[in-house]
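Residue numbers (the numbering used here): 3 to 212.
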Ligand SMILES: Nc1ncnc2c1ncn2[C@@H]1O[C@H](COP(=O)(O)OP(=O)(O)OP(=O)(O)O)[C@@H](O)[C@H]1O
Ligand SMILES: [Mg+2]
């Protein structure tokens with residue numbers, strides 16, 4: 003079967019500053035694949051390129067379905083309510099029940115300003131906004147960034163449900179390698195704009211892999 007995402011020898015960067023220098027990778031339907039690497043390796047740049055925010059200068063990028071991107075750090079529109087934040091990208095006027103099943107913490111906060119939620123709740127809003135778009139592939143940039151260990155666990159539990167129950171295809175950037183390893187199929191390590199290593203057996207991933 004055709005991969006949902008297929009990237010071959012991609013070069014991309016900012017103005018005249020090359021960052022990605024020949025990245026090749028793929029993600030198959032139903033896979034959860036991690037993109038690992040040090041700060042500045044080009045992980046975010048790669049997700050932006052896949053999503054179409056950056057035009058590659060060279061190489062081939064093929065997506066087979068709807069791509070939804072949850073950026074690093076920026077989570078919600080603080081002055082909009084939770085409901086407005088989630089529905090801003092949706093055709094419907096009501097939040098479907100399965101969203102509340104995934105994110106029970108949002109149930110009684112529909113009308114709260116998203117800016118007043120905790121960091122973890124804001125990340126749930128960002129994930130809900132992504133899920134309501136029914137992605138064929140979900141790009142997540144450090145979903146656990148800045149969250150407490152308890153909330154990190156909750157975020158990864160949601161990713162596990164998306165994988166097990168909804169058969170989601172996910173490409174996720176993370177530094178929290180160990181928490182992630184349970185739900186991963188494969189991983190790529192990015193270094194200086196190139197794939198340094200592809201890991202097909204993630205059962206022995208350790209935190210210092212990068
Ligand atoms: N808007 C931008 N304009 C110019 N250079 C940028 C821009 N964004 C990122 N860069 C540079 O591109 C390189 C890769 O950055 P990128 O954000 O892709 O790294 P990253 O792997 O996501 O790092 P981190 O783990 O810290 O998020 C860095 O050297 C960074 O300074
Ligand atoms: Mg980044």
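Each residue gets a CB set at the ideal place from its N, CA and C atoms; glycine is no exception.
For clarity, every value in this text was computed on a predicted model and none was experimentally measured.
Taking the C-beta atoms as reference points, residue 9 is found no nearer than 8 Å to residue 15.
C-alpha of residue 184 to C-alpha of residue 193: approximately 23 Å in a straight line. Bounds of the alpha helix (DSSP H) holding residue 183 are 179-183. Relative to ligand 2, the beta carbon of residue 19 is positioned no closer than 7 Å to any heavy atom.
The C-alpha of residue 76 lies about 24 Å from the C-alpha of residue 180. Take residue 174, set aside five residues on each side of it, and the residues of its chain with a beta-carbon closer than 6 Å to its own are 36, 142, in chain order. Per DSSP, the beta-bridge partners of residue 143 are 175. In this structure, residue 138 and residue 68 form a Cβ contact; the two beta carbons are roughly 5 Å apart against a cut-off of 8 Å. The C-alpha of residue 79 lies about 22 Å from the C-alpha of residue 156. DSSP lists 35 as the bridge partner or partners of residue 188. When secondary structure is reduced to three states using DSSP, residue 118 falls in the helix class. Counting only runs of 4 or more residues that sit fully inside the segment 33-116, the alpha helix (DSSP H) segments are 45-53, 84-89, 99-104, in chain order. Within the model, the alpha-carbon separation for residue 74 versus residue 111 is close to 23 Å.
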